[in-house]
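The sequence shown maps to residues -21 to -1, 1 to 195 in mature numbering (1 follows the signal peptide of the UniProt record, and there is no 0). Just below is one structure, and these are the notes that go with it.
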Amino acid sequence: MAPTWLPLITAALFSCAFVACEPAEDPPRIETYPKDQTVASGGIAVFVCTAVGNPNPQIEWRKNGKRVTTQRYSAIDMPNGSVLRIEPVRAGRDDATYECVAENGVGEPVRALADLIVLNENALPPGFPKFMRQPNMQGIEKGRSALLPCQVEGDPEPTVKWLKDMIPLDMTIPRFSLVQGYSLQITDAEEEDQGNYECMAENIHGSALSVMGTLF
């Protein structure tokens, strides 16, 4: 009896283990919500949206309820999400509500909204972020350090974030740090650090994006 009974129990156990390991399906859930933006006409607007779920959600961007398609709108993939980049923005044409829609076939799609306000350059409020120094082009060697300059004025004092190749830079990586609050310091450089960098400054009046600086 024993030789017959043991394999049956073993098979049953493996079957249970196999079923337990099946990943559960999860509906999409937005983790990073796009933020309202106020940008000068001729500048660049950037919206960031990330979502999780199983399977991984697909993200679509819409303007006033319609999918964005024109050449000035770029949807750039990033881990678990997407960046909507509008370049250049124009007053009266790009002022709208933008929508991040995440869908993975499980449950209903989820949405997050953000408004874009475009100001004429001659109507910017006092204290709107203004760049005094911007990133430049420079070579970098593996294992060495590099400093990408950025200096901003504004009232209240703007906060700064950095983009690499148009997506937010992960500042939790120890090799990256801010110098004097704005400039980007890269230590112990790696080959993957080569790319295009932008400094984004923001305060209560609006946001501004620097020119691109290239590390090669």
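Note that the Cβ used here is the ideal one computed from N, Cα and C, for glycine as well.
For Asn43, the closest of Gly22, Ser186, Cys79 by C-alpha to C-alpha distance is Cys79.
Taking a cut-off of 8 Å on C-beta distances, the segment 45 to 56 does not touch the segment 164 to 182, as fewer than three cross pairs fall below it. Our two residues, Leu95 and Ser20, have alpha carbons roughly 11 Å apart in a direct line. Asn33 carries a strand assignment under DSSP once its states are collapsed to helix, strand and coil.
Take the alpha-carbon of Tyr161 and the one of Phe110: they are about 11 Å apart. In chain order, Ile23, Glu177, Met179 place their CB closer than 6 Å to the CB of Leu188, counting only its own chain and leaving out the 5 sequence neighbours on each side.
Beyond the five residues adjoining it in sequence on each side, Pro108 comes within less than 8 Å, by CB distance, of Val131, Glu132, Gly133, Pro137, Ala180, Glu181, Asn182, His184, Gly185, Ser186, Ala187 in the same chain, given in chain order. By the CB criterion at 8 Å, Ala81 and Ala30 fall inside the cutoff.
In this model, Val18 and Gly84 are separated by some 35 Å (Cα to Cα). An exposed status is given to Pro104, since fewer than 16 other beta-carbon atoms sit within 10 Å of its beta-carbon. Contact annotation, Asp172 with Leu194: C-beta distance approximately 6 Å; criterion of less than 8 Å satisfied.
Shown here, Glu120 sits in coil according to DSSP, grouped into three states, outside any helix or strand.
In the structure shown, the three-state DSSP call for Asp172 is helix.
When rounded, the separation of the alpha-carbon atoms in Gly118 and Glu66 is 27 Å.
For Asp74, no beta strand (DSSP E) run applies, since DSSP gives it neither H nor E. Residue state for Glu100 is assigned as helix, using DSSP reduced to three classes. Taking Pro153 as reference, the option from Leu163, Leu127, Asp144, Val25 with the minimal CA-CA separation is Leu163. Arg64 sits close to Val25, with the two beta carbons spaced by under 8 Å.
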